[in-house]
Each structure stands twice: as structure tokens, then as C-alpha cells.
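Trainee: Shown below is the structure under consideration.
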Amino acid sequence: MTDRSVVPVNFFEGGYLNRLSWLRSSHVFLNAIVVSPSTRWVLFKEGKPLVASNAPPLSDPIQSPDPDAPKGSRTRYLARLPTSEVRSLLGSEPFFSQGKVEGTLAESDDPVLEAARIRGPPIVFLGLHQDTTSEQALPSSDFSAKSDALAVAARIQGTAFFSLDVSDIPDDVLEVTLQETGLGKSGAKLAFTDARLAMGTYDYFDAAVVASARGLVDWNARNKFCPACGSPVYSLWAGWKLSCSSLLPWADNMGRKPCPSGRGIQNFAHPRTDAVVIVVVVNEANDKILLGRNRKWPGMFYSAMAGFIEPGESLEDAVKRELWEEAAVKVWAGSFVAQPFPANLMVGFYAIADPAIPTRTDLDNELADARWYTRDEILAVLAHPDGTKIGSRDPTKPLPKPDSSAAGALAGDDASKSNGTSDPDTPPQGPPFRLPPLSAIAGVLVSDWAFGKVVIGESRQLKKGNL
Numbered sequence: 001m002t003d004r005s006v007v008p009v010n011f012f013e014g015g016y017l018n019r020l021s022w023l024r025s026s027h028v029f030l031n032a033i034v035v036s037p038s039t040r041w042v043l044f045k046e047g048k049p050l051v052a053s054n055a056p057p058l059s060d061p062i063q064s065p066d067p068d069a070p071k072g073s074r075t076r077y078l079a080r081l082p083t084s085e086v087r088s089l090l091g092s093e094p095f096f097s098q099g100k101v102e103g104t105l106a107e108s109d110d111p112v113l114e115a116a117r118i119r120g121p122p123i124v125f126l127g128l129h130q131d132t133t134s135e136q137a138l139p140s141s142d143f144s145a146k147s148d149a150l151a152v153a154a155r156i157q158g159t160a161f162f163s164l165d166v167s168d169i170p171d172d173v174l175e176v177t178l179q180e181t182g183l184g185k186s187g188a189k190l191a192f193t194d195a196r197l198a199m200g201t202y203d204y205f206d207a208a209v210v211a212s213a214r215g216l217v218d219w220n221a222r223n224k225f226c227p228a229c230g231s232p233v234y235s236l237w238a239g240w241k242l243s244c245s246s247l248l249p250w251a252d253n254m255g256r257k258p259c260p261s262g263r264g265i266q267n268f269a270h271p272r273t274d275a276v277v278i279v280v281v282v283n284e285a286n287d288k289i290l291l292g293r294n295r296k297w298p299g300m301f302y303s304a305m306a307g308f309i310e311p312g313e314s315l316e317d318a319v320k321r322e323l324w325e326e327a328a329v330k331v332w333a334g335s336f337v338a339q340p341f342p343a344n345l346m347v348g349f350y351a352i353a354d355p356a357i358p359t360r361t362d363l364d365n366e367l368a369d370a371r372w373y374t375r376d377e378i379l380a381v382l383a384h385p386d387g388t389k390i391g392s393r394d395p396t397k398p399l400p401k402p403d404s405s406a407a408g409a410l411a412g413d414d415a416s417k418s419n420g421t422s423d424p425d426t427p428p429q430g431p432p433f434r435l436p437p438l439s440a441i442a443g444v445l446v447s448d449w450a451f452g453k454v455v456i457g458e459s460r461q462l463k464k465g466n467l
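UniProt numbering puts the first residue of the sequence shown at 1, with every later residue one more than the last.
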């Protein structure tokens, strides 16, 4: 196992792809690697990645370097398809730097046409997976407009990854295409699965790819119009930039004022990452932990408390404000780690508070409950086989009501007093409450505290303020 007492392992934080950001504007590079036999595609439909089940054991050499990640034996995993199997979905060439007329290449020296994709389903270049010993730099000067595409592709060492959003492709067309893939012909079940519910499917490499891809897919899908003038937008830089269509050289802007987005750098033209704080609170003796249950969560699921950072707010200020709003808790001292998840950067904190001061959840009414637990209570839940199982609840269906018997046990009632001795034929009871799994940063924070893998309160002091 990885020594997580040295560096906390957060599921989505692995940077296994070389993003090659300086080549996102190079249509020569992009159009060459799209057709490379080694290139792999991750498909998304309405934000859900394509997952293969009952599939041939994963023999793809693209493996996670993490020692804890499963290798070569999984039969359920993130589907990675070669270009030859998705070619019919991509639209006409060129794939990047498309001109006014379909099938033509745009002028390479025009910034508003750099790796432009004006037609076809949204594509994002995620990066290149290379051997850890590779020292290939791939400078942009190697990919001039005069470069031969085949020669370019031959120089690239590694596996390029792209995402493809198939949300607007007809279901019947998509179904036929997937059935004709190697995975489809093998008898594997291919299904678009909720990204969070499929976390148990991923190894660390899959998780890193999904984290990056889903954030970009979601950003491109949500932003269809220019915030400055309302015109439709189109994709630049292989899905990493959006531009107003009124800036296209052939746009008809008669009688219109120039779009303000044509001047300077606009933050809405680039993907955004929203910062979130997520906090595990302990007492000064470090033997109790404060967790909360959100009103929207199913059953008796408890976790760390979290919230978005507001404008003009530091990380520490956000920690103090969120805990006061959600549980009326005043905290001091803290340390933090971070984990990215699509469109969010979750910054995990440990903070200290006094359990003698009653908690209350009626300030912002976000939590149904907030309470302190001992280390032994947390360890007991972590040791239970169902202690960190979230389940695969359909998010479109109503939440189940909390189990009253579990609530009683959670409140400290002794269940054995109500029914005498236990029946050996009775199935084992579930845990009194549930905790997040290690695939969530909250699960890492809680588990590392429970097993004594972190030292809290020595790294930094939270700045003094009103809370």
C-alpha cells in the first residue's frame, strides 16, 4: 500500500497526462495525432463517461503508475476507444482549424482560428500519456504549418487522449457505432454511467482522465453563447478556449457594435475552476471529530462540511464562515490538502473547535444534523464492510427516509436492550451511519485522522477575524 502518512492520496489528483498546453493552438500537431493508431478517446454523453462492463481483462499498456491501482485484471473500466472506432462520429476533416467552407483549412496565422472547431461534436485534447522515462519535449517549433502530418505523428512518443461529447448524436447512430467497437464485439456492456457512481470502476489513471475530461466537457456544453454580446461561440485550442462567432473573419457584423471580447483576455473564454473548502473539525485533544449530514443526502450518511469560496475571501476565511453558517462552530488552527474534481478545486482542511459548545444547524438550514464522534466510533464504521458504501441510487428518484433504528443507534441507544440476546440467524446489521469512501477527499480526511496519519494544529494558525 502507498504510505499515505507521508503524502495524502486523493483520488482525482494524479497528473498522469502531459497536457502539452503550448500545442493546443497547433492544428498541425492536433490533426496529426487525431489519426494516430495509438490515440484513445473517452466518450461522454450528458456528462456521463462511457464505461465497459463484463469486458475483456484490461490489457491496454496505458496503466496507472500508482502502486495501489489495479493492473491488468479489471473487467469493468473506463472505455478507451481508438480513432478508427469513433471516426464516423467526428465529422469531416480537418478536425481543427476548420475554415468557412466544410472541408477547408483556415488561415493558420489568424488568432481567432487557432485550432478552431466550428462544426462537429465537441472534442477536447486532454494530453499525452508518456513513459515516465521519456524526455521528449515537443517544442511548438517542431509543428510548423509546412510540417507533414505523417512525419509529425511518427515523432510523437506516447498515447494521446481526447474526449468526445456525443450528447447530440442520435441514439441509434451511437448504438450501432458502439456495437461495432472491439469492446462491443467482445460482448462487453457499454453504458454511459454517472461519473460519481462509477468511481469504484476507476483506477487512479482513469480518475485523473475523467476529472480533467468531465470538467472540460461540462464547460463546453454549458457555455453556448458569448457573455459579452450574446452571439454563439465556437471552440478554439482543441476545446480549451471559446470565442465569439462575431469575431470570425467571415462574420456579418453589419450594424453591430464590435464584441467587447475581441479586446484583451477574457476570463469567460477559458475554463474556470471554482474553489471549494471542505473541512474536518476535531477537538483540541484530537480524539473527537465533527461531521454533518446534509438534508439532501440519503440515509444516515455523514461527511465533512464544505462550501464555495466567495469573492474577496481567503481559504481560511471561507473555512471559518462555512463552519459558522452550517453548524455555529468557531474554529482555530488548520492545515490543508487539495483535490481537483470537475470544475472544482476542493481544498481539504483540518481545523480545531470546542465540542463543549453546542452545534446548531438553523443558521443556513443546509444540514439536517451535525455531531461529534469519537475516534472509536469512526474506526468501527470504517471497519464495517458497508461503512463507506454510497450505493448507486438513481439521482432522479426521491431520497429514502433515514432508518429510524440506525438513528437510535447513532444517538447512543443500545439496540441489544430492546430485543434481548441477538439471534445468530439474523443477518448482520448495517453500520449506525456511513462515511465517504477513499475516492472522495472527505473520506481521505476522515480516514487519515481516524488512523492517526495526520498531525493537526502545528502547521499554521487560522487568521483572526470576526468568527
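For every residue, glycine included, the Cβ atom is placed at its ideal position computed from N, Cα and C.
At the level of alpha carbons, what is the spacing between L242 and V233?
Mentor: The residue given as residue 242 occupies position 242 in the sequence shown. The residue given as residue 233 occupies position 233 in the sequence shown. Distance between the alpha carbons of L242 and V233: 6 Å.
Trainee: Which of the three DSSP states is assigned to R117 in this structure?
Mentor: Reading the sequence shown from its first residue, position 117 is the one you call residue 117. Here R117 sits in strand by DSSP.
Trainee: So, at 6 Å on beta carbons, what are the nonlocal neighbours of S231 in its own chain, with the 5 sequence-adjacent residues on each side left out?
Mentor: The residue given as residue 231 occupies position 231 in the sequence shown. Cβ neighbours of S231 beyond the five flanking positions: C244, S245 and S246.
Trainee: Exposed or buried, what is K320 when buried is set at 16 or more other beta-carbons lying within 10 Å of its beta-carbon?
Mentor: Taking the first residue of the sequence shown as 1, we reach residue 320 at position 320. With 16 or more other Cβ atoms within 10 Å, it is buried.
Trainee: Can you tell me which residues form a DSSP beta bridge with A275?
Mentor: If you number the sequence shown from 1, residue 275 lands on position 275. The partner list for A275 (beta bridge, DSSP) reads L345.
Trainee: Between the alpha carbons of L382 and R40, how many angstroms are there, rounded?
Mentor: The residue given as residue 382 occupies position 382 in the sequence shown. The residue given as residue 40 occupies position 40 in the sequence shown. About 37 Å.
Trainee: How many angstroms separate the CA atom of L379 from the CA atom of W449?
Mentor: Within the sequence shown, the letter at position 379 stands for residue 379. Within the sequence shown, the letter at position 449 stands for residue 449. Approximately 10 Å, taken between the alpha carbons.
Trainee: Which class does L17 belong to by DSSP, given the choice of helix, strand or coil?
Mentor: In the sequence shown, residue 17 corresponds to position 17, counting from 1. Correct three-state label for L17: coil.
Trainee: Measure the alpha-carbon distance for S26 versus A213 and round it to whole angstroms.
Mentor: Within the sequence shown, numbered from 1, the residue matching residue 26 stands at position 26. Within the sequence shown, numbered from 1, the residue matching residue 213 stands at position 213. Distance between the alpha carbons of S26 and A213: 20 Å.
Trainee: Taking the straight line between their C-alpha atoms, what separation do you get for T273 and S314?
Mentor: The residue given as residue 273 occupies position 273 in the sequence shown. The residue given as residue 314 occupies position 314 in the sequence shown. Taking the straight line joining both Cα atoms gives about 16 Å.
Trainee: Assuming contact is defined by CB atoms lying nearer than 7 Å, are A285 and R24 in contact in what I supplied?
Mentor: The count along the sequence shown starts at 1 and reaches residue 285 at position 285. The count along the sequence shown starts at 1 and reaches residue 24 at position 24. No, the pair does not count as a contact, with Cβ atoms beyond the cut-off.
Trainee: Quick one: give me the first and last residue of the beta strand (DSSP E) that K45 is part of.
Mentor: The residue you call residue 45 lines up with position 45 of the sequence shown. Segment R40 to K45, the beta strand (DSSP E) holding K45.
Trainee: Distance, Cα to Cα, K453 vs S88?
Mentor: As a working mapping, residue 453 is identified with position 453 in the sequence shown. As a working mapping, residue 88 is identified with position 88 in the sequence shown. Cα to Cα, K453 sits roughly 51 Å from S88.
Trainee: For T75, does the count of other Cβ atoms within 10 angstroms reach 16, so buried, or fall short, so exposed?
Mentor: Taking the sequence shown and counting its residues from 1, the one referred to as residue 75 is at position 75. Per the 10 Å Cβ criterion, exposed.
Trainee: Could you give the DSSP three-state label for D448: helix, strand or coil?
Mentor: The sequence position of residue 448 within the sequence shown is 448, counting from 1. Note: D448 maps to helix in three-state DSSP.
Trainee: Does D376 have its Cβ less than 7 Å from a Cβ in chain C?
Mentor: Absent here is chain C; the protein component of the structure consists of one chain.
Trainee: Taking the CB atoms as reference points, tell me whether V281 and A351 lie closer together than 7 Å.
Mentor: As a working note, residue 281 is residue 281 in the sequence shown. As a working note, residue 351 is residue 351 in the sequence shown. The answer is yes: Cβ separation under 7 Å.
Trainee: Looking only at DSSP bridge pairs, what is L248 linked to?
Mentor: Within the sequence shown, the letter at position 248 stands for residue 248. Looking at the DSSP assignment, L248 forms no beta bridge with any residue, so it has no partner.
Trainee: Use the C-beta contact count for F11: other C-beta atoms within 10 angstroms, 16 or more gives buried, fewer gives exposed.
Mentor: In the sequence shown, residue 11 corresponds to position 11, counting from 1. Counting Cβ neighbours within 10 Å, F11 comes out buried, since at least 16 surround it.
Trainee: Extract the residue ranges of the beta strand (DSSP E) inside the region 297 to 382, only unbroken runs of 3 or more that lie entirely within it.
Mentor: Segments of the beta strand (DSSP E) lying fully in the region 297 to 382: 305 to 308, 331 to 341, 344 to 353 and 367 to 374.
Trainee: Judging by CA-CA distance, which residue of L105, C226 and L17 is the nearest neighbour of F125?
Mentor: Taking the sequence shown and counting its residues from 1, one reaches residue 125 at position 125. Considering only alpha carbons, the answer is L17.
Trainee: Need the endpoints of the beta strand (DSSP E) that A52 sits in, please.
Mentor: If you number the sequence shown from 1, residue 52 lands on position 52. Counting along the chain, the beta strand (DSSP E) containing A52 begins and ends at K48 to S53.
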